[in-house]
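All remarks here apply to the structure that follows.
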Amino acid sequence: MKPNIELRQSRNFGEIINDSILFVTQNWKPLFKAFFIFCGFFMAGNIIFSILMQLKIVAIHKNDLSDYRRSGLSFLGIEYWMVLLFSFLNIISIITTSLCYVALYKEKGNQPPNVAEIWVYFKYYFWRVTYSVFMLGILLMFAIFICFLPGLFFVTIAGSMIGGFVSLFCVLLPMAYFVTVLTLLFPIMIMENGGLWYSFGKCFRLIKSRWWNTFGVVFVTAIVVYATYLLVALPFGVASGGSIQFLAYNVTTYLIVIYSIVISLIQVLNVLPMVTAAITYFSYVEEKESLGLWERINALGEAAAATTNADETPDEY
606 MKPNIELRQS RNFGEIINDS ILFVTQNWKP LFKAFFIFCG FFMAGNIIFS ILMQLKIVAI
666 HKNDLSDYRR SGLSFLGIEY WMVLLFSFLN IISIITTSLC YVALYKEKGN QPPNVAEIWV
726 YFKYYFWRVT YSVFMLGILL MFAIFICFLP GLFFVTIAGS MIGGFVSLFC VLLPMAYFVT
786 VLTLLFPIMI MENGGLWYSF GKCFRLIKSR WWNTFGVVFV TAIVVYATYL LVALPFGVAS
846 GGSIQFLAYN VTTYLIVIYS IVISLIQVLN VLPMVTAAIT YFSYVEEKES LGLWERINAL
906 GEAAAATTNA DETPDEY
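For the sequence shown, the tail end lands on 922 under the numbering used here, and the numbers increase by one without skipping.
Next up, the structure:
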């Protein structure tokens, strides 16, 4: 049996991926227990309103949809907005739970934390992560608008097709860069108890000269998660003739219920990207600051001192 993973050590690309998967497999029981405890409420809400929304769509498609199309998404009602709300809060919970687990694992000397310990961290960081995601969303929309402007300029002088390609290029390239950099934001925030802007700035310092390595880690992890998602979701799409992936009509109620439950439960896969981001953070910090090396040196010194003191015997007179 392999020993528990030492988080704070330098790793290359392959070692980051392998150790991330190994960490999840070694800690899957306490990690997934914490996941379902702290994310379960939001998952349940998402399941309930997803079922209600899809049943409503089925009913609409059985009737005449033309009256509803005039009102855009409003025909979906409160169910649609509640699905969005619970999905957003579930994402926040996944980020917070996963990274708090890793932070406590590190503090406890590579030992799994219990639920009570995670709860202390979770309630402290939940609203900070929520605020940060909200602010990053605003910055992202502003950045997309700025990046889209060159495309609008080319539309006026070169036509819509060329302008569309330029707009797509001007948006996707900066977004790929910043999304890769901001992969480390929440690990920095929780591991170092940093604020949004401190964590934002340190992302760029840590990832300097390591962008392609980080992009590769993000890309491979996304492929693993998405491929597993497809393996689970594809049978339901085939069973319903593909319609359940887009608009859930002409399917049975039982299939809708099972599909909604499974798709919510499979969100547990998102633990892996969070763990990978945390291990990437520890690897880069170790390369920059060598904190893990100094911790191990100090631990060896303390152990040697304790052994020396234990071997000493008082003088006899």
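A virtual CB, placed ideally from N, CA and C, is assigned to each residue, including glycine.
Source: prediction; values computed, not measured.
* On the three-pair Cβ rule with 8 Å, is the segment 691–708 touching the segment 782–790? -> Segments in contact, no.
* To do: Could you check how far apart the C-beta atoms of E722 and L709 are, in whole angstroms? I think they sit under 8 Å.
  => About 5 Å separates the CB atoms of E722 and L709; that is less than 8 Å, so the two are in contact.
* Asked: Sorry if obvious, but does the Cβ on L694 come closer than 6 Å to a heavy atom of the ligand FMN?
  -> As presented, the structure is devoid of all ligands, the ligand FMN included, so that no description of it is given.
* Thinking F731 and T701 are a contact (beta carbons under 8 Å), I'd like their distance in whole angstroms, please. => Sure, about 5 Å apart at Cβ, within 8 Å.
* For L636, which residues from the same chain have a beta carbon less than 6 Å from its beta carbon, with the 5 sequence-adjacent residues on both sides left out? -> Contacts found: Y706.
* Distance, P608 Cα to Q716 Cα -> Between Q716 and P608, the C-alpha separation is close to 11 Å.
* Is the beta carbon of I626 sitting closer than 7 Å to the one on V720? -> At the C-beta level, I626 and V720 stay beyond 7 Å of one another.
* Could you tell me the distance, in whole angstroms, from the CA atom of E894 to the CA atom of V823? => Answer to the nearest angstrom: the Cα atoms are 23 Å apart.
* Where W899 sits in the DSSP three-state scheme -> For W899, the predicted structure reports a pLDDT of 45, less than 50, and the residue's modelled location is therefore unreliable. A value from the coordinates is still provided. Helix, per DSSP.
* How about P792 and Y886: are their beta carbons less than 7 Å apart? -> In this structure, P792 lies near Y886, with their beta-carbon atoms less than 7 Å apart.
* **Alpha-carbon to alpha-carbon, V876 and M648** => Going by the C-alpha atoms only, they are around 14 Å apart.
* Terminal residues of the continuous alpha helix (DSSP H) containing G619? -> F618 to Q631 is the span of the alpha helix (DSSP H), which, as asked, contains G619.
* Asked: Hey, S888 and S615: beta-carbon distance below 7 Å or not?
  -> Their beta carbons are under 7 Å apart, which means S888 touches S615 by this criterion.
* How big is the Cα-Cα spacing for V862 and Q659? -> Spanning the two alpha carbons is a distance of roughly 9 Å.
* M794 and R733 look like a contact to me (Cβ under 8 Å); what is the Cβ gap, rounded to whole Å? -> Taking a contact as a CB-CB distance under 8 Å, the pair M794 and R733 counts as one, their CB atoms being some 7 Å apart.
* Ordered along the chain, which non-local residues of its own chain (more than five positions away) have a Cβ less than 7 Å from that of F727? -> Within the same chain, F727 has close Cβ partners F643, T701, T702 and C705.
* **Collapsed DSSP secondary structure at R815 in the structure displayed** => Judged by DSSP in its simplified three-state form, R815 adopts coil rather than helix or strand.
* Would you kindly work out how many angstroms separate the C-alpha atoms of V830 and I622, rounded to a whole number? => A straight-line Cα-Cα distance of about 13 Å links V830 and I622.
* Asked: How is G742 classed by DSSP in three states: helix, strand or coil?
  -> Three-state DSSP puts G742 in a helix.
* Label V890 either buried or exposed according to how many other C-beta atoms from any shown protein chain fall within 10 Å of its C-beta, with 16 as the threshold for buried. => With 16 or more other Cβ atoms within 10 Å, it is buried.
* Give a yes or no on whether the C-beta atoms belonging to N651 and S869 are separated by under 7 Å. => Yes, Cβ-Cβ distance for N651 and S869 is below 7 Å.
* Unbroken alpha helix (DSSP H) run spanning V862, endpoints -> For V862, the enclosing alpha helix (DSSP H) starts and ends at T858 to L870.
* Helix, strand or coil at G682 according to DSSP, with G and I counted as helix -> The answer is helix: DSSP assigns G682 an H, G or I state.
* Asked: Taking the C-alpha atoms as reference points, what is the distance between F646 and E892?
  -> Between the C-alpha atoms of F646 and E892 there is a straight-line separation of about 39 Å.
* Asked: CB F628 to CB V880, shorter than 7 Å?
  -> With contacts defined as CB atoms closer than 7 Å, F628 and V880 qualify as a contacting pair.
* To do: Report the rounded CA-to-CA distance for R815 versus S865, giving the unit in angstroms.
  => Approximately 39 Å between the Cα atoms of the pair.
* Extent of the continuous alpha helix (DSSP H) to which P878 belongs -> Segment V876 to E894, the alpha helix (DSSP H) holding P878.
* Boundaries of the alpha helix (DSSP H) in which I610 is found, first to last residue -> Here I610 belongs to no alpha helix (DSSP H), and DSSP marks it neither H nor E.
* Whole-angstrom distance between A781 and G821, CA atom to CA atom -> Cα to Cα, G821 sits roughly 12 Å from A781.
* Backbone CA spacing between A882 and Y685 [nearest angstrom] -> Rounded to the nearest angstrom, the two C-alpha atoms are 31 Å apart.
* Taking only beta-carbon positions, decide if A664 is within less than 7 Å of chain C. => Among the chains in the structure shown there is no chain C, since it carries only a single protein chain.
* Between the Cα of I751 and those of P718, F770, S804 and V776, spot the shortest distance and give me the residue it belongs to. => Taking only the C-alpha atoms, the option nearest I751 is V776.
* To do: Tell me whether A639 is buried or exposed, calling it buried when 16 or more other Cβ atoms sit within 10 Å of its Cβ.
  => A639 should be labelled buried.
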